[in-house]
Amino acid sequence: MKKMVMLQNSNNGFTLPLTKNDKSQIVFPPPWYYGVTYISAHVKFTRESANMVLPEFLTTDGEGWVYIADFISTSENNWDYMYQDPDLVQYMEGAIGLKVNFEGKNYLYFPFMWVDKDWALVRGWLDGYPKKIAKISMTKLHPLLPKYNKAEAGLKMGGYAVRGGGVLLRLQVELKEKADSVPLRNFGPFLNIRRFASRGDNEEDLYEVVSRVRDESISGEIWKGKATVELGGYVNDEVDLLKVENVMGGYYYTLYFKVTKTQLLTKNIQNVVKVT
């Protein structure tokens, strides 16, 4: 079997801006570490509407996943940011995912994803996530608060994502009982699209289908219950194309994972044409 080799540019800097000491780059090199708290819903979209938000080479039966999440994340290079500048290691995220079929295998693909920090957006684009900036909020717990001090049966939690003049999604979950896992594990590995268009002669028009690989993953406590999902959208977010057929359950859970690389599935070059 031919060994795969990861090619990297020998110039300094992982991302812009480029300086001699690399301390100004917006995203530092992996490995990247994540501690996440999720409010999520397992949903079924109509098949027709779900396929409307996919590229031509992907298909889906409409099974999906919607979440709002609170992230703490850092590179191996900047653990000191945890105390020097906490804003550079914390962000909120909202997303809509679909179980898709690609070349006979199931994958998890996100047609929509939003974050509230620029560095989280750029890092997502590097790995092929379609992130945009939005206002995102969710219920948080505190151990000394009355009522909202821990996950328990009957607790109601919620979150939303707003961008521009439109509410993109609103999610509410009522917890019922502990669970051993979340349905997301049955969707398959991640499938992302790294797309960087060319702007001039002899430039590479990059279109790579990749899978983001998790080196480590540890689940914390998982709760399940019932959920309600409201989808909106606006002039630049076609979320309104999706039609929810059924909400199969709601989940609240925590997760740790570590990421170092993506795995190339294919370079999608069959539709490249010469522009004159």
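If you're matching positions, the sequence shown starts at 169 in our numbering and goes up one per residue. Just so it is clear, CB atoms sit at the ideal spot from N, CA and C, and this is done for glycine as well. Since the structure is predicted, the reported quantities are computational estimates derived from the model, not experimental observations.
Environment of residue i [buried if 16+ CB atoms lie within 10 Å]
i, result
"histidine 210", "buried"
"serine 379", "buried"
"aspartate 238", "buried"
"glycine 418", "buried"
"aspartate 405", "buried"
"lysine 273", "exposed"
"glutamate 261", "buried"
"glycine 388", "exposed"
"asparagine 354", "exposed"
"tyrosine 277", "buried"
"isoleucine 264", "buried"
"valine 427", "buried"
"methionine 250", "exposed"
"valine 407", "buried"
"valine 381", "exposed"
"leucine 226", "buried"
"threonine 434", "exposed"
Extent of the continuous beta strand (DSSP E) to which residue i belongs
i, result
"glutamine 258", "258–270"
"methionine 281", "273–283"
"tyrosine 375", "374–399"
"valine 330", "324–331"
"isoleucine 301", "299–301"
DSSP state of residue i mapped onto helix, strand, coil
i, result
"tyrosine 251", "helix"
"serine 217", "helix"
"threonine 187", "coil"
"arginine 363", "strand"
"aspartate 448", "One cannot answer for residue 448 here, as it falls past the ends of the chain, which runs 169 to 444."
"aspartate 408", "helix"
"methionine 169", "With a pLDDT of 46 at methionine 169, under the threshold of 50, the modelled position of this residue cannot be trusted, and the question is left open."
"asparagine 317", "coil"
"glutamate 345", "strand"
"leucine 309", "coil"
"asparagine 370", "coil"
"leucine 336", "strand"
"leucine 432", "strand"
"serine 241", "strand"
"leucine 222", "coil"
"methionine 414", "Strictly speaking, residue 414 in this sequence is asparagine, with methionine absent from that position. Here asparagine 414 sits in strand by DSSP."
Segment limits, alpha helix (DSSP H) that includes residue i
i, result
"leucine 289", "286–295"
CB contact flag (residue i, residue j, <8 Å)
i, j, result
"lysine 315", "glutamate 342", "no"
"lysine 188", "threonine 228", "no"
"valine 330", "threonine 183", "no"
"tryptophan 200", "serine 243", "yes"
"leucine 337", "glycine 296", "no"
"asparagine 245", "phenylalanine 213", "no"
"lysine 344", "alanine 321", "yes"
"aspartate 286", "lysine 303", "no"
"leucine 423", "serine 385", "yes"
"glycine 332", "tyrosine 259", "no"
"glutamate 376", "arginine 367", "no"
"glutamate 413", "glycine 203", "no"
"tyrosine 235", "isoleucine 207", "yes"
"proline 298", "leucine 222", "no"
"threonine 307", "glycine 326", "yes"
"leucine 409", "methionine 220", "yes"
"isoleucine 390", "valine 415", "no"
"lysine 411", "serine 241", "no"
The ligand NAD heavy atom lying under 7 Å from the CB of residue i
i, result
"valine 397", "As presented, the structure is devoid of all ligands, the ligand NAD included, so that no description of it is given."
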